[in-house]
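Engineer: Keeping their order, the protein sequence lines are chains Z and L.
Going by our numbering, the first sequence opens with residue 9, and the numbers climb by one from there.
Going by our numbering, the second sequence opens with residue 9, and the numbers climb by one from there.
Each residue gets a CB set at the ideal place from its N, CA and C atoms; glycine is no exception.
This is the structure I have questions about; it appears just below.
There are 2 protein chains.
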Amino acid sequence: MRFGFKLLKEDTNSRARVGVLLTPHGEVPTPVFAPVGTKATVKSISPRELAEIGTSLIMVNTYHLYLRPGAETITKIGGLHHFMGWEGPIMTDSGGFQVFSLERLRRVSEEGVVFRSHLDGSEHLLTPEKAIEIQEKLGADIVMCLDECTKPMDYEYNLRALYRTHSWAKRCKMAKTREDQALFGIVQGGVFPDLRRRSVEFLLSLDFQGYAIGGLSVGEPKEMMYDILDLTIPLLPKEKPRHLLGVGSPEDLFECVERGVDIFDCVLPTRLARNGSVLTSSGRLNLRNAEFANDPSPIEERCTCYACRRFSRAYLRHLIKSKEILGLHLATLHNLYFILTLMKRIRESILDGTFLDLKEEFLGISP
Amino acid sequence: MRFGFKLLKEDTNSRARVGVLLTPHGEVPTPVFAPVGTKATVKSISPRELAEIGTSLIMVNTYHLYLRPGAETITKIGGLHHFMGWEGPIMTDSGGFQVFSLERLRRVSEEGVVFRSHLDGSEHLLTPEKAIEIQEKLGADIVMCLDECTKPMDYEYNLRALYRTHSWAKRCKMAKTREDQALFGIVQGGVFPDLRRRSVEFLLSLDFQGYAIGGLSVGEPKEMMYDILDLTIPLLPKEKPRHLLGVGSPEDLFECVERGVDIFDCVLPTRLARNGSVLTSSGRLNLRNAEFANDPSPIEERCTCYACRRFSRAYLRHLIKSKEILGLHLATLHNLYFILTLMKRIRESILDGTFLDLKEEFLGISP
C-alpha cells in the first residue's frame, strides 16, 4: 500500500482537524502522538505494551541506529519493523537534529554535515543523499529530509541555514528511490515570519507527501511558537499531513492541535518518567516526594493503565527510590498512556464539535 | 486457608517427588522454582509477566524491605502481596543471609546480630523475635527462622554458629503469632555430616511446617553439596516440604530434585540476564558476543517465551550493547521462563516415571 492522508473532519471553531494516515503498516488516526523509540526501542516498553496503550505510530532516530547497530544490520534482520518487533507504522528522522543538537557537529557545508560519533569519536559525513539512503535501509513508513537545525533567534544564521535546508530538501527528494516510504519536507526559518513563509513556499514547490515543522520548542517563548504555527499552517495544503517535531506536553497538544497540527512526537513522557515524574489531569507529580511514601492511591484514580490498575504511589515511589527498573517502566507506561489517551479524547472531541470545550476543561483544571 | 503440603508422588528410582504446597494465596505445585524479588520486585518483571511465564511462588528479601520502605509502610499499604501487586504465594527470608553475606555484619551474640545499613550506615539489631515481627508485618505465606549463615568449611565456627541457629530457631517459633503463615526451620552445619545430623534432629524436635537447607552453594565443591543433601534429606520427614536456599542452575535443579528437594529460589536467572547471558538447552549464550550481531534467530528456536517469539539475537544484542532496559528485561523474561518451564518438565517427568531419563537427556546435551 502507498502512503496517503484522508482528511475526515475540520473543526468549525479552530484549525483542529481529524484525519487518518494510510501507511504500508496500517492506518494512523490523526491527530496522533508518536512515542519516541530513540535506539529502536521506546525506553523500557515492549512492542506489545505499545499496542496495549494505544500507540499507532512511533518515531525512531536515524542518527543512533546509523551508528549502532548500523543500517546494514537492520536491513539484514528484515528492516526496522521486524528488527524491533513493532509491525505498526514507523517514522524516522533524518539524523540532522541529533547532529546539530548533541554538540557532535564539526562542519556544515553545502555538501552536508560532518559530525563525530558519540560512541567512538569517529568522523562521519551526513549528506542529504546519505540521510535518504540510511532511512531507506531502515525502511520506516515516513522519512524526513535532512535539514539544518538552528537556534531560532539569529536572523542571519537562519537565513543562511535555510538556503542549505532547501537545497538539501531538493536533493533528498531526488535521492529517494523507495515507493513505499513517504518523504516529509521540513519547514524551518526560526522565529522569523518571512523566513517561515519563504520556507513553506519553497517546499511546496517540491510537493512532499507531508510537511514537518522544525526548529520550534527549542527555547523560544511559547507564544512565539504558537505565532509561528498561526502563520505557517494556513500556508500548508489541507490535504497533506502536518507534523510538529519534538513537541508533546499536554498543554502544547491542545494549543497545537487547535492550530492545525496532525502529528506530534516527543520524548517528554518517557523522559519525565525516568526522573520519577508522572502526568495527571491535575498536573505533574514527582513520585520521589516523601508525601507519597505511604500513599495507597494509584497515580491517578480514574486512569485505567496497568500501573494505575495495579500499584500504589507508595509502591512506585519505593521502586523509583530503590532504582528498580519496574518503577521507571510503570511510570513510562502511565505517562505514554496518559498522552495517548488524551490525544484520543482530543480526536473524539473534534469529531463531536467539542474540542474547544475539552481544551478549556483540561487546561482550566491544570495548574 | 492454613498452610499445608500434599505429597502426590515419589519417584521409584530416586528421591525426586511431586507435591503441592497449599497456602493462603493459592497452591504451588512442587518441585518449584521461586524467582527472587529482592526489593519487592523481580527485577524488571511485572506481576502479570510473572504469571504469564508460570511463576507460582516468589522469594522476597526481608533485609531490603526492612530498610526500605520499612515493614510499617508495607503493612499500611495492605501487606506485601498487595504492595507489590502479586497476589500469588510469597516466601520471605529472615534477613540473616543478607546481614551475614553482604559484609554488613558488626557483632553476633546470643541475642542477635548487629548490622550496618547499606543505605545510610545506621546500626540495627536483628533478633529472632524481630525477624519474625518484620516478616509478620510483611505478611508472606512462608517465613523463615533467623539463622547464622557461615562459611561452610570451618568446623569450630560452624559448631558455635549452630548453637545460636538452634536457639534462634526456638525463639522464632515462640515469637510467631500469625496462624496464616508457615514457618520454616533452617538446617545448617556447613559441610560436616555430624553437624547437619544434629541440626536436623534439633529442628525436628521443634516441628516446623517445612525445612529449609541453608549454607550450601556458598563456595564448596558441588559434590560436597550433593553429599550433604544425600545425608540430610532422608532424615527429614516425608510429609514436610524441603527448601534448598539459593540454588537454581539447571544442572542443580536436576541433581537436587533427584535428592528430594521440593523448593528452590535463586537469583541466577535474573542476575545472568543482567550480564547479557541467557540460558538455553544447549548451554549459556552471552548476547554481547559479536557473533550475534547479525543473527536473525531467537535466543532458542523452540522456546515459546515472548522474547523468543518476537525478537532476534541481533536485536537483543543491540539493546544490551546500547544499555537499553528492554534488553535486560527480555533476557530476564527468557531466563525465568526457561527455568520455570524446565521445572514444569521435571515435575511432569516425575509423574510419568521418566525423571532420570529427562535428566540424562538434558545434562547429556548440556556442555
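#1: For the beta strand (DSSP E) holding Phe41 of chain L, just list the boundary residues, first then last.
#2: Which chain Z residues sit within Cβ distance under 7 Å of Gly319 of chain L?
#3: Please state whether DSSP places Met152 of chain Z in a helix, a strand or coil.
#4: What does the alpha-carbon distance come out to for the pair Ala79 of chain Z and Ile53 of chain Z?
#5: Can you name the residues of chain L whose CB is closer than 8 Å to the CB of Ala281 of chain Z?
#6: For a minimum of 4 consecutive residues, which ranges assigned as the alpha helix (DSSP H) are wholly contained in the segment 216-285 of chain L?
#7: Identify the contact partners of Ala48 of chain L in chain Z, using a Cβ-Cβ distance below 9 Å as the criterion.
#8: In chain order, which continuous runs of the beta strand (DSSP E) of length 3 or greater are located wholly inside the segment 168-211 of chain L?
#9: Shortest alpha-carbon distance to Ile241 of chain Z belongs to which of Z:Val255, Z:Glu259, Z:Phe262, Z:Val208?
#10: Using a C-beta cutoff of 7 Å, does Tyr52 of chain Z count as contacting chain L?
#11: Closer than 8 Å, Cβ to Cβ, to anything on chain L: give me those residues from the segment 275-309 of chain Z, in chain order.
#12: So, with DSSP's three-state summary, where would you put Pro32 of chain L?
#13: In chain Z, what lies closer than 9 Å to Ile142 of chain L by C-beta?
#14: Is the separation between the beta-carbon of Phe108 of chain Z and that of Met351 of chain Z shorter than 7 Å?
#15: Find out if the Cβ-Cβ distance for the pair Leu146 of chain Z, Leu88 of chain Z is shorter than 7 Å.
#16: Please classify Ile53 of chain Z: does DSSP put it in a helix, a strand, or coil?
#17: Go through its chain and collect everything with a Cβ distance to Val344 of chain Z's Cβ below 6 Å, but skip five positions before and after it.
#18: Does the Cβ-Cβ distance between Gly198 of chain Z and Pro160 of chain Z come in under 7 Å?
#19: Which residues of the segment 57-83 of chain L have a Cβ closer than 7 Å to any Cβ of chain Z? Give them in chain order.
#20: Classify Thr81 of chain L: buried if its beta carbon has 16 or more other beta carbons within 10 angstroms, exposed otherwise.
#21: For a contact meaning CB atoms closer than 7 Å, what does Ile194 of chain Z contact in chain L?
#22: Quick one: which chain L residues come within Cβ less than 8 Å of Ile85 of chain Z?
#23: What is the rounded straight-line gap between the Cα of Leu67 of chain Z and the Cα of Thr185 of chain Z?
#24: Below 7 Å between beta carbons is the criterion; list the residues of the segment 25-46 of chain L that meet it against any residue of chain Z, in chain order.
#25: Might you give, ordered along the chain, the residues of its own chain that have their beta carbon closer than 6 Å to the beta carbon of Asp188 of chain Z, omitting 5 neighbours on each side?
#26: Look at His251 of chain Z and Ile236 of chain Z and say whether their C-beta atoms are less than 7 Å apart.
#27: Express the C-alpha separation of Arg267 of chain Z and Ser257 of chain Z in angstroms, rounding to a whole number.
#28: If we count Cβ pairs, one from each stretch, closer than 8 Å, do we get three or more for the segment 170-182 of chain Z versus the segment 135-154 of chain Z?
#29: Enumerate in chain order the residues of its own chain whose CB-to-CB distance from Tyr234 of chain Z is below 7 Å, with the five nearest sequence positions on each side excluded.
#30: Can you tell me the Cα-Cα spacing of Leu16 of chain Z and Glu144 of chain Z, whole angstroms?
#31: Can you have a look at Pro55 of chain L and say buried or exposed, based on whether 16 or more other CB atoms are within 10 angstroms of its CB?
#32: Within a Cβ cutoff of 7 Å, which residues of the same chain sit near Arg296 of chain Z, ignoring the five residues on either side of it in sequence?
#33: Under three-state DSSP, which class holds Ile61 of chain L?
#34: May I ask you to report which of helix, strand or coil DSSP gives Arg112 of chain Z?
Structural biologist: On the basis of the data shown:
#1: Bounds of the beta strand (DSSP E) holding Phe41 of chain L are 40-43.
#2: The question names Gly, but residue 319 of chain L in the sequence shown is Phe. Those within 7 Å of Phe319 of chain L in chain Z are Gly93.
#3: The answer is strand: DSSP assigns Met152 of chain Z an E or B state.
#4: Taking the CA atoms as reference points, Ala79 of chain Z sits about 22 Å from Ile53 of chain Z.
#5: Residues of chain L whose Cβ lies closer than 8 Å to the Cβ of Ala281 of chain Z do not exist; the shortest such Cβ separation is about 11 Å.
#6: Fully enclosed alpha helix (DSSP H) runs of 4 or longer: 230-240, 258-266, 276-282.
#7: Residues of chain Z passing the Cβ test: Tyr323, His326, Leu327, Ser330, Glu332.
#8: Taking only runs of at least 3 residues, the beta strand (DSSP E) segments lying wholly in the segment 168-211 of chain L are 190-195.
#9: Checking every option, the nearest Cα to that of Ile241 of chain Z belongs to Z:Val208.
#10: Sequence inspection shows Ser at residue 52 of chain Z; the Tyr mentioned does not correspond to that position. Judged by the 7 Å Cβ criterion, Ser52 of chain Z is in contact with chain L.
#11: Result list: Ala301, Asn302, Pro304.
#12: In the structure shown, Pro32 of chain L sits in coil (DSSP, three-state: anything other than H, G, I, E or B).
#13: Chain-order list of chain Z residues neighbouring Ile142 of chain L: empty, with the shortest C-beta distance near 16 Å, by a criterion of under 9 Å.
#14: No.
#15: Between Leu146 of chain Z and Leu88 of chain Z, the C-beta spacing is below 7 Å.
#16: Looking at Ile53 of chain Z - three-state DSSP - the assignment turns out to be coil, as it is neither helix nor strand.
#17: Looking at the sequence shown, residue 344 of chain Z is not Val but Leu. Excluding positions up to five away in sequence, the list reads Pro43, Ile61, Pro277.
#18: With contacts defined by Cβ atoms closer than 7 Å, Gly198 of chain Z and Pro160 of chain Z form a contacting pair.
#19: The segment 57-83 of chain L vs chain Z, Cβ under 7 Å: Arg76, Pro77, Thr81.
#20: Buried, by the Cβ-count rule.
#21: Within 7 Å Cβ-Cβ: nothing; Ile194 of chain Z doesn't reach chain L, min ~27 Å.
#22: By Cβ distance, chain L contributes Asn302, Pro304, Ser320, Ala322, Tyr323.
#23: Note on residue identity: the sequence assigns Met, not Leu, to residue 67 of chain Z. In this structure, the alpha-carbon of Met67 of chain Z lies about 21 Å from that of Thr185 of chain Z.
#24: Contact annotation: in the segment 25-46 of chain L, no residue has its CB less than 7 Å from a CB in chain Z.
#25: Non-local C-beta neighbours of Asp188 of chain Z in its own chain, meaning closer than 6 Å and more than five positions away in sequence, comprise Pro32, ordered along the chain.
#26: No, the pair does not count as a contact, with Cβ atoms beyond the cut-off.
#27: The alpha-carbon atoms of Ser257 of chain Z and Arg267 of chain Z are separated by roughly 15 Å.
#28: The segment 170-182 of chain Z, when compared against the segment 135-154 of chain Z, does touch it at the 8 Å Cβ threshold.
#29: Taking Tyr234 of chain Z as the centre and dropping the five residues before and after it, the same chain places the C-beta of Glu263, Arg267 closer than 7 Å to its C-beta, in chain order.
#30: Looking at the two C-alpha atoms, the distance is approximately 30 Å.
#31: In this structure Pro55 of chain L is buried. Its beta-carbon is surrounded by 16 or more other beta-carbon atoms within 10 angstroms.
#32: The residues Gly284, Arg325, Ile328, Lys329, in chain order, have a CB closer than 7 Å to that of Arg296 of chain Z in the same chain once the five nearest residues on each side in sequence are set aside.
#33: The answer is coil: DSSP assigns Ile61 of chain L none of H, G, I, E or B.
#34: Coil, per DSSP.
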